Structures are given as C-alpha cells and as structure tokens.
Amino acid sequence: MRLITDMVLVFTAVVRLGLGLLFLISGGSKFLRARSVERMVANYRLVPRSLLPIVKLMLAPAEVAAGVLLLLSLWLPVYAIAWVLAFGLILVFTAGVASALVRGLEIPCGCGLLLNGHVITHATVVRNLALLSLLALDLLVQRTLLP
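By numbering that gives the first Met the number 0, the letter at position 144 of the sequence shown is numbered 143, and the numbering carries on one by one without gaps.
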C-alpha cells in the first residue's frame, strides 16, 4: 500500500507542478502582451465588445492565480480552489476553441509564450481535453487513494 501511496503522491505532484507552471507561463505572457490579449479574445467572437476590456483585465490574473494555487496545493490545503479555477479555465478555453473551429475560424490560440502564434486546430481541443482529464484524474486519485 505504501508503494501505491508514493506513486499517487508523485503523480499529483507532477500534475500540479506541470499545470501550475503552464498556467504561470500562460498568464505571465498575457501580462507581458497585455495589448494583444483583447484582440486575441476578440478573435474568438464570443465576447461582446463592451466586455472585452473586462475579460482582458481578468484573464492573466486568473491564469496566474490558478498556477500559483496549483503549486501551493503541494504544501497548503488550497487544492479545491486551485482545481476549480484551473478546470474552469481550461473548460472555457476548450469550449471557445471548439466553437471557433465549428464556425470555421482560423485564429491564433492565444495560449501563451510556449505556443505563441499557434493557430487553433482539432489538436488544440484534444490537448485541452487531455489537460482536463489529468485534472479530473488527479482529483479522483487524491479523493480515493490519499488519506
């Protein structure tokens, strides 16, 4: 049983560390490219123009908060809020990408420095679904196998 617990702890640490860094990098790049964030969100044609400045102001801090909370959840009891924020953001991003693809839009992802200039494709949806699956599995494993 000790081996299983150790493997679970390693799995959760890798997931939280990886996704935490991913959110930090993505959110940080949005702070660095603040002028282009509004245009990037507008490209998806899902948010009314009047709300674009609000989304622009909230997106980077939300991503950075998700990243910080996921990293802190390795030591502090903040996992529930980290999970909800990270899962919610990826879910919204996935819905936005899927909607844009269905409408035939060929637009940059806006995913951050790592994928700057990356145009959305069906692989973007698959990647996001994989991230959602990792978060769901992390939650399931954490709830069922850890004391």
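A virtual CB, placed ideally from N, CA and C, is assigned to each residue, including glycine. From a predicted model like this one, the values you see are computed outputs, not experimental measurements.
Candidates L88, K55 and R38: closest to L69 by CA position: L88
- prompt: How is V77 classed by DSSP in three states: helix, strand or coil?
  reply: coil
- prompt: When the Cα atoms are used, what is the spatial distance from P52 to V40?
  reply: 10 Å
task: Could you pull out every unbroken alpha helix (DSSP H) segment of at least 4 residues lying fully inside the stretch 32-71, listed in chain order?
output: 33-42 and 51-71
- prompt: Going straight from the alpha carbon of R32 to that of D5, what length do you get?
  reply: 40 Å
message: With the cut-off set at 8 Å, would you say A65 and F22 are in Cβ contact?
response: In contact: A65 and F22 (Cβ atoms closer than 8 Å).
- request: Would you mind stating whether V83 and G26 have Cβ atoms separated by less than 8 Å?
  value: no
task: Take G103 as the anchor and find which of F92, L18, R34 and R44 has the nearest alpha-carbon.
output: R44
query: For R34, which option in L139, V46, V54 and P47 has the closest C-alpha, if you only look at C-alpha atoms?
result: V54
field: Residue closest to L128, alpha-carbon to alpha-carbon, out of L138, L50, L90 and T120
entry: L90
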